Amino acid sequence: MDSLESITLPLTKSQTSLWLVDKLNPNTPINNVPYAFYIKGKIDESVFQNAFQELINTTDVLRAVIIEVDSMPNQKIAASLEYTVAYLDFFEKEEAMVNSWLQTRSEVPFDVSEQLFDTALIKRTSDEYIWFLNLHHVITDASSSVILFENMSKIYESLKRGTNDAQVENIGYKTFVDFELKERANNEDITKYWEDKVETFNEMPPLYGVKKLQDLTTKSNRTEIELNIDEVEQLIDNSNQSGAMSWHKDLIAFNVFATLLFTYMYRISGQKKLVVGAPIHNRVKKSFKSITGLFIEILPLAVEIDEDDTFNSLLKKVQNETNNYLKYGLTGASSAKLNRSFNTIFNYINSSFPVFSGYETKAEWIHPGHADPGHKLRFHVCDFAGEGNLKLILDVNNDVLGVSKLDSAAIHFKNIVNAFLSDIDQPITATGIATEEELKAYLEPNLVNDNGVLNALEVFENLVKHKPNAVVVQSRNDTFTFKGLNKRANQLANYLKKQGIGPGDNVALYNYRNSQYIIGVLAIMKAGGTFIPIASDQPEGRVAYIISNSGCSLVLTEGVLQNNISNIEVPYIDLAAIKDDIKKQPEESPGSNLPLNSLAYVLYTSGSTGNPKGVLISHGALSNYLFWAKDYYDITDKTILPLFTSIGFDLTITSTLLPLISGGKLMLYTENTFGPDMSLMQVLGDNSVNTIKLTPSHLSFLKDRDLASSNIHTMIVGGEDFKVNLAQAITSAFNNPVKIYNEYGPTEATVGCIVGAFDNEKHKDDVSVAIGVPIKNMHAYILDDNQNLVPDGVVGELYLSGASLANGYLKLEELTNNKFVDNPFIKGTKMYHTGDLARINQKGEYEYLGRVDEQIKLRGYRIELTDIEANLVDFEDIDDCAVVLVTNKKEHIPEKSVINCTECGLPSNYPQTEFDEFGVCNLCNAFKGYKEKAERYFKTEDELREILMSTKGKNPEYDCLSLLSGGKDSTYILAQLVSMGLNVLAFTLDNGYISEQAKANVDRIVSQLGVDHIYGETNHMNDIFVDSLKRHQNVCNGCFKTIYTLSTKIAMEKQIPFIVTGLSRGQFFETRLTEELFWEDDLDVKKIDDTILEVRKLYHREEDAVKDLLDVSIFEDDAIFDKVQFVDFYRYSDVSLEDMLSFLKEKVGWVRPTDTGRSTNCLINQVGIYVHKKELGYSNYSFPYSWDVRLGHKTRDESLEEINEYIDEPEVKRIMKEIGYEESDMFEDDEKLVAYYTGNNNLTQKELKHYLSQKVPSYMVPSVFKHLEEMPLTKNGKTDKKTLRSLTVDQLEMEVSYVAPRNEIEELVEGIWKEVLRMEKIGVHDNFIALGGHSLAAIRVTSRINEELGMNIPLNKVFNLPTIETYANHIEQTMIELLEE
Amino acid sequence: MDIKHGLIVFLKSEILEDTSIEINGEDQLLSSGLVDSLGLMRIVRYIEKHSGITVPFEDITLENFMSVDSIVTYVNNISN
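Laid out in structure tokens, this is it:
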């Protein structure tokens, strides 16, 4: 087997993917596989050295390194390698020191081009040694470790004996490489089988709730669980497997541990569709069993868990899946796509290392502290001693669990093992898995019931005594001192008493936000009653419902509002009308006793039935919040709070009362009687408050204002998801330090019950600000479906319990019983089922994660969608309806986690990009298939000469017009044309942003070459830029079209037959040569030219700013495209950059401009790049440059360097302002309510809005109403809201109904349009052009349909028949005609 | 080539890689450790390919696959 020369082999698939992981995570020990073998016996060091040298001689992979040939990895195996084993004398040294040495050494990354192993012999005592052996994974796997260990043992033993007769097989790794290469090709269909199988398992389970996609760490932490032999045997016995392969004990164990792993994954992620990657040994031939090297391949095991699965039923599924896995586990079947289908590895290791040369040995697999960041969890099962005790190892990515939480992972897993052991037939979710410590945190929180006795009214009345003359309420019209306010409240209370109001009576307060409201609240409480606040802007119907439903005995109202309730039966009082009466009332308090369990208020919130529901809040609950808030937010006599929110919200009640119980001041801002409430702006303008409570939507108004001189020092934010970047923007808008709190709480738990302070250091890496921890006397439980408390990190439903809890809903016993359920953790109490999802993050804070049901939060308003639906469906012309919240999210892959194609540099965030296992993009791979064909599109310089000379002499003034930007490419063209002896007119568009040097270049070039030159201009340029930025997210499209339009016009006027362009070959592929054009077997270049000409016609007739603002009438007649032909110079010339530059230097003296700071002539160019990157995540040059690289006109490095050029942001912002482009808002996801309905198609938006605004508050009126011919349904017959949510804003704005495809042809057309236009759903009446379809998309759509159906539909049809319905109709007609022929 | 003969050739050349080994119909394949679980699945694929039957997982039992003879009996039963 020995050869004298080194050999070079390709890498296997598995080796390549490991190599790639190394490449992507350089300088990490990510692929180290270090072992420490603790040998109980005396080792002879020199024999050991000789033995290891012999091991190298007989193990070829130890002599291997990885080399790159043409950037492709290969393994080079040297014929020989001399090596000296490091020897360390740690004789009787501290164990900690030895361990630290081992750990440090294990974490040293390999330079794969140098050596792929590291080893050392360590002496501990005279008869205890440690053999340290670390191999790069690319040359080893679990079986290889055993082979090496045993071979070393044999060789050592024979050398020691002096017989030197060790029987060690020496078969080279090449045997397997050859086999794998052959099988890989044979098994492509198997790979396809696997890829199809995992297709529907496309979501990664968020282990411990972590979904992080950016800044992924390779850091991984290890924790271990020991199972003794009895437990292991009991697991196996319990499993009692029957049927397939139950004879194989290892296989049973494999299935049992896979079942435990799947259960664990489900319990810590909540995801039911789960995939793990499991290594398959691949040593399918006898000879393979003695070869060292990487044999394993990772293939998926996929199961779908059902809610009622027991361990036993899941085990059966796993068993079946394992059989599949083995049956299709063929060599070479793995793929990069499969590797991306799992984030968890299941590694059942069947290796042991019990004896080294007759000495008892203990093997330890050292964790190098890092792992592939794609593997969030690696679960290994091993028994290195071979005695039947098992070690379960969990390697958890540090993003999922930090070191401090690692031990809990082991406990969670062990709890699952214990459940399996205790009863295999119990549901896998039956028992809780959280640790004692986690349970304790839920059950023993901040429970100090010290404020229970306080009563808000008493505390207020005490303050009246202590500081009677201090101002407590101030507005533009009124000022009240404590004493004055109290007197007015007492008088009204006495009046109410006389009207018969007392304890247990409900009084509605239907009023504006004014001092009468504040007095009303106090007076009703003083009289012992319960108040029901109703905001002035509520629709009449709702007001009437609340008054009647609440059973109130009296309504306090004012002014014109009484007209809205003139029809109700409940008596009402106009507070203005009884002013004089009230003044006559006694000034003393009527002195009602307010027990803590009596009701303070009933607050109505959106209800799912179409009517609001009343939440019952006791004085005890109110006090719990108020007095906690007073302490926590440090509300003192210095505090000034504004009252500016609707009186129908619970937060308004507590904002009103907080200053009254703290001795501070309330600034009162009354609402306008019509139009939007601008009170917040007044609050900021006045700058008299220092503490404010508001919603994130309010905050986003604030962020652009000058808050440098604001007096606000405390902000309490609540009501909806609060983004970290918004919190950061607000923090920096203030000059003074401002404390920002995020408060969470439903009305049912009195305003706020979980709270946290925003801390930039702590939260800067998060997306949303966490909601913090429960407030005093409150519990917040996160439960799974079985009402088990979930471990930290895991997402569950939030339940609330404690002193702030409401007493339920008024007159809705069933709903109350459903939502306020028995608290299993504290007997005799209730807990409120919020319907909110939450988790506890690694910092110990609660995070809010959205809703489980139809309730939504829109700009801080809590809305039940069914509330709107129930009202809308009552409209007589509507049959059925559905309301959804549509969000236009800007979700980008962050720049840091973008990778670039290893060949062309295309970034991974370019739409629909897929990389193979070599990191090569799908475009590069596809191009390899039609590259040769594509080359036929290109022609020679002779042909160019022929074309341009064909009319020479016949033209009045010029033979051609040459487009000149002043850059190298267009300058080269001009010089070449002149040297051909042509009369050339040069044309340059002055777009207003050409650099001075570039202009000087242009002027010098034309004068030096002696050609006539024209600067084209238009005063619409800025509008064209803005339009181009909006349509294409760049400036170049608009500029190009302007150039073509203006130059064609000149050419026509001067009868110039040709316009010569300087488009690069990369740009051809970017703008016209789509892959589809090369699909036909017989490539007809003429046909491509015809297609491109058609596209050009369509292009000039497309709607945009150029068409609107410039005179494009010349393009209406097809004749213009004959009269003036476009010739792309670089279609005919393939000059190298080097030749071009030397020609230019010699002939023209061209120099690259330096005043743009970039490799361009144009100063506005970077605005386009900035906008493109911001809106789409990648540069507009990424795609065309990738083509330049693919075609060999640029190197990958050059392209990446140019794409990553510096962008001068202040300059970009200045230019944006100059041209009038308004940037989109980064913070706000554009959210709107959309109502879909079936029924009468002729209803107007106005009509429907008007109707609903009489039924529901204005914030619940959808902004879009869209007619559907039929409501889309899910398989189960429910309204398919997912489809309804996936229509884009453009589609919603169309004035046509959404109709899903109705037949096969429509489905086919929809499928193709969706792919090309990158949309999720397209209705058959939606317009191709309005969906963003342009001429390039037309080529792609038409070619695909023609290919699919074997037809020949012309390109322009998609513009003439721009809907799926009309287009499909045309196809059908054509087909019928064809059949008839 | 009949199934039995073909199977023995396949076992020797593809799995054991030793044509000198004598395998007869009664030799224990599974309990002897001669064939592991992946090897067994290769046998399943082999007979599926060469006898045109599909082997359901519940049929892959020790009884049906313990020796070449038992596999042949199983295949004949299914084919009929």
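Chains as they are written, first to last, in this note's numbering: chain A, 88 to 1468; chain B, 57 to 136.
Backbone N, C-alpha and C define an ideal beta-carbon position, used for all residues, glycine too.
The model shown is predicted, which means the values in this text are computed figures rather than measured ones.
CB-CB length for residue i against residue j, believed under 8 Å
i	j	result
A:Ile1201	A:Met1139	6 Å
A:Ile748	A:Asn777	At roughly 17 Å, the Cβ-Cβ gap does not stay under 8 Å, so A:Ile748 and A:Asn777 are not in contact.
A:Phe1014	A:Thr989	Actually they do not touch by this definition, with Cβ atoms about 14 Å apart.
A:His457	A:Ile117	5 Å
A:Asn894	A:Ser705	6 Å
A:Ile858	A:Tyr831	4 Å
A:Phe177	A:Lys210	6 Å
A:Ser104	A:Phe288	That belief does not hold up - the Cβ atoms of A:Ser104 and A:Phe288 are roughly 19 Å apart, past 8 Å.
C-beta neighbour in chain A for residue i, strict 7 Å
i	result
B:Glu78	no
B:Phe113	yes
B:Ser93	yes
B:Leu90	no
B:Glu104	no
B:Leu85	no
B:Leu72	yes
B:Lys68	no
Chain B contact for residue i (CB, 7 Å cutoff)
i	result
A:Val371	yes
A:Lys424	no
A:Lys269	no
A:His335	yes
A:Lys414	yes
A:Asn1517	Here chain A has residues from 88 to 1468 only, and residue 1517 of chain A is not among them.
A:Asn410	yes
A:Ser439	no
A:Leu1395	no
A:Leu402	no
A:Ser230	no
A:Ser326	no
A:Ser693	no
heavy atom of the ligand SAM below 6 Å from residue i C-beta
i	result
A:Gly607	The ligand SAM is not part of this structure, which contains no ligands at all.
Contact under 7 Å by Cβ, residue i with residue j
i	j	result
A:Tyr216	A:Ile130	yes
A:Thr206	A:Val172	yes
A:Ile1469	A:Asp879	Nothing can be reported for residue 1469 of chain A, as the shown portion of chain A is limited to 88 through 1468.
A:Thr644	A:Asn598	yes
Residue-level contact to chain C via CB, residue i, 7 Å cutoff
i	result
A:Ser307	Absence of chain C from the displayed structure is noted, the protein chains being A and B.
Check whether the region 167 to 174 of chain A touches the region 276 to 292 of chain A, counting contact only when three or more Cβ pairs, one atom from each stretch, lie closer than 8 Å.
No, the region 167 to 174 of chain A does not touch the region 276 to 292 of chain A.
Alpha helix (DSSP H) segments (min. 4 residues) lying fully within the region 1381 to 1459 of chain A
Residue ranges of uninterrupted alpha helix (DSSP H) with 4 or more members, entirely inside the region 1381 to 1459 of chain A and ordered along the chain, are 1391 to 1404, 1422 to 1436, 1444 to 1447.
Check whether the region 1156 to 1174 of chain A and the region 1070 to 1090 of chain A touch, using three or more Cβ-Cβ pairs below 8 Å as the test.
The region 1156 to 1174 of chain A, when compared against the region 1070 to 1090 of chain A, does not touch it at the 8 Å Cβ threshold.
Okay, do the region 183 to 193 of chain A and the region 141 to 161 of chain A touch, 3+ Cβ pairs below 8 Å being the bar?
Short answer: they don't touch.
Evaluate the contact criterion for the region 1081 to 1097 of chain A versus the region 1153 to 1163 of chain A: three or more CB pairs, one atom per stretch, below 8 Å.
Short answer: they don't touch.
Taking 8 Å as the cut-off, does the region 917 to 937 of chain A touch the region 664 to 684 of chain A (at least 3 CB pairs, one atom from each stretch)?
By the Cβ test, the region 664 to 684 of chain A is not in contact with the region 917 to 937 of chain A, since fewer than three Cβ pairs between them sit closer than 8 Å.
When you compare the region 1129 to 1149 of chain A with the region 1203 to 1214 of chain A, are there three or more beta-carbon pairs, one atom per stretch, that lie closer than 8 Å?
Yes: at least three Cβ pairs fall under 8 Å.
When you compare the region 449 to 456 of chain A with the region 470 to 487 of chain A, are there three or more beta-carbon pairs, one atom per stretch, that lie closer than 8 Å?
Touching, yes, given that three or more Cβ pairs across the two stretches are closer than 8 Å.
Contact between the region 903 to 917 of chain A and the region 952 to 970 of chain A: three or more CB pairs below 8 Å?
No contact exists between the region 903 to 917 of chain A and the region 952 to 970 of chain A.
Complete runs of the beta strand (DSSP E) confined to the region 351 to 433 of chain A [at least 3 residues]
DSSP runs (the beta strand (DSSP E)) wholly in the region 351 to 433 of chain A: 360 to 367, 384 to 391.
Pick out the complete beta strand (DSSP E) segments inside the region 1140 to 1212 of chain A, 3 residues or longer, and give them in chain order.
The qualifying runs are 1145 to 1148.
Would you be able to state if there are at least three C-beta pairs under 8 Å between the region 98 to 112 of chain A and the region 260 to 268 of chain A?
Flag = yes, the region 260 to 268 of chain A and the region 98 to 112 of chain A touch.
Only counting runs of 3 or more residues, tell me where the beta strand (DSSP E) segments fall wholly within the region 193 to 266 of chain A, in order along the chain.
Note on the region 193 to 266 of chain A: whole beta strand (DSSP E) runs with a minimum of 3 residues are 204 to 212, 215 to 223, in chain order.
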